[in-house]
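Student:
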Amino acid sequence: MTLLSSRLPMWIVNKMTDRKSSLAFVFIASLLVSGMAAGAQPTPAKESIDMNLYKRGLQNLQKISPSTEGTPLTNGMPSALAEHFISFLYGEVYESINLSPKNRELVLVAGLIAMGEKTTELSVHINGALNSGWSVLEMQEVMLQMSVYSGLPSFVNGMNTLKEVLDQRKQRGITDVTSPPLASKQKTEKSRLEIGSNQLEKLQVIEAKALQDAYKDVSPNFAKHVIEYAFGEILSRPTLDYQTREMITIAALTAMDATNQLKFHIQGALNLGILSREIADIIILVGAYSGFPSMANATNVLKEVLNERK
């Protein structure tokens, strides 16, 4: 109610709990409907669009992925609906946040992979990430890291989409430098535990032993896999720095509405030096795709963390 009421005129909010007024609203609504049935025409959606905002949104989209010209994202849409989509996401949202164009694309790639089958949008933003300066190798690292948060199938789907994008770019004469992912140094179980513990503790949120103790009576293997695989194998890889890894983690957890895990990683990101406004921007950008409920939930988690740090 709080989020909704903040978007409504106050005279409506003040009446929403009044039963008689609620009945009056129903009556008024019925009159409006009957008036439309008698011949009154609703205002076309197109007239509500700020065309300057739409044009700026289209320009922003073409900067991200020049070859798309907006069409893959809006194929099959009535033009008025496509204008809403482009105006809000690429006009309003893109121009309201302070992330660099390069980081915008990276966090969107992570968020879209975490959301699952978003192949059209994912293709556009993989293109955008490559165009903005991220390498194929770095894209592969993003896909691999998502295996920790959204699972191995999302990693496989992301890699397949990356391959399709690279094939399409090659056909258009774009040469992307590809190289095999950096091989991790061979690690023993002991070294994975040590490396993972060190990596986890860099976030300064919880010590590895405390995590192990918290789950030893329920599922000791859970803590083992988190420390050894997530932190020891994946998050310790050198291709992406730790700040970048936390940014894409926040993007993924926002998209998945995983608020408990998000709180942990927001705390860790702040401890690594990522600014709260950068985290807020990641939440808004990814939330434009995953929906306002997940955006609101993630923003509330950020607010809670910041209040606790005062």
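If you read the sequence shown in the numbering used here, its first letter stands for residue 15, the second for the next number, and so on. C-beta: ideal position from N, C-alpha, C; glycine also.
1) Quick check on Gly172: buried or exposed, where buried means 16 or more other Cβ atoms within 10 Å of its Cβ?
2) Are the segment 266-276 and the segment 234-244 touching, with three or more C-beta to C-beta distances below 8 angstroms?
3) Whole angstroms is fine: what's the gap from Arg251's alpha carbon to Lys216's?
4) Looking at the structure shown, is Thr133 part of a helix, part of a strand, or coil, going by DSSP?
5) Does the segment 94-105 come close enough to the segment 137-145 that 3 or more CB-CB pairs lie under 8 angstroms?
6) Helix, strand or coil, according to DSSP, for Gln218 in the structure here?
7) Alpha carbon to alpha carbon, how far is Gln257 from Leu267?
8) Starting from Arg251 and walking both ways along the alpha helix (DSSP H), at which residues does that stretch end?
9) Taking the alpha helix (DSSP H) that Thr268 falls in, what are its first and last residues?
10) Please tell me whether Ser149 and Glu119 are closer than 8 angstroms, where the distance is taken between their beta carbons.
11) For a quick check, are the C-beta atoms of Glu109 and Thr253 less than 8 angstroms apart?
12) Here's the rule: buried if 16 or more other CB atoms are within 10 angstroms of the residue's CB, otherwise exposed. What is Thr175?
13) Label Gln182 either buried or exposed according to how many other C-beta atoms from any shown protein chain fall within 10 Å of its C-beta, with 16 as the threshold for buried.
14) Nearest by alpha-carbon distance to Glu155: which of Ile220, Gly187, Asn212 and Ala244 is it?
Tutor: The short version:
1) Translated into the one-based positions of the sequence shown, residue 172 becomes position 158. The residue is buried, with at least 16 neighbouring Cβ atoms inside 10 Å.
2) Taking a contact to require three or more Cβ pairs closer than 8 angstroms, the segment 266-276 and the segment 234-244 do not qualify as touching.
3) As a first step, residue 251 must be located in the sequence shown, where it is residue number 237. As a first step, residue 216 must be located in the sequence shown, where it is residue number 202. Taking C-alpha positions only, Arg251 is separated from Lys216 by approximately 14 angstroms.
4) The residue you call residue 133 lines up with position 119 of the sequence shown. DSSP places Thr133 within a helical segment (H, G or I) once states are collapsed to three.
5) The segment 137-145, when compared against the segment 94-105, does not touch it at the 8 angstroms Cβ threshold.
6) For this step, residue 218 is matched to residue 204 along the sequence shown. Looking at Gln218 - three-state DSSP - the assignment turns out to be coil, as it is neither helix nor strand.
7) Here residue 257 corresponds to residue number 243 of the sequence shown, with the count starting at 1. Here residue 267 corresponds to residue number 253 of the sequence shown, with the count starting at 1. Straight through space, the alpha carbons of Leu267 and Gln257 are spaced by roughly 15 angstroms.
8) Here residue 251 is taken as the residue at index 237 of the sequence shown, counted from 1. Per DSSP, Arg251 is not a residue of any alpha helix (DSSP H), being assigned neither H nor E.
9) As a first step, residue 268 must be located in the sequence shown, where it is residue number 254. Unbroken alpha helix (DSSP H) run through Thr268: Tyr256 to Met270.
10) Taking the first residue of the sequence shown as 1, we reach residue 149 at position 135. Taking the first residue of the sequence shown as 1, we reach residue 119 at position 105. Not closer than 8 angstroms, so no.
11) Here residue 109 refers to the residue found at position 95 when the sequence shown is read from its first residue. Here residue 253 refers to the residue found at position 239 when the sequence shown is read from its first residue. Pairing Glu109 with Thr253 gives a Cβ-Cβ distance that is not under 8 angstroms.
12) Here the question's residue 175 lines up with position 161 in the sequence shown. With 16 or more other Cβ atoms within 10 Å, it is buried.
13) As a first step, residue 182 must be located in the sequence shown, where it is residue number 168. Gln182 counts as exposed, since fewer than 16 other C-beta atoms from the protein chains shown sit within 10 angstroms of its C-beta.
14) If you number the sequence shown from 1, residue 155 lands on position 141. Looking at the Cα atoms, Ala244 is the closest of the given residues.
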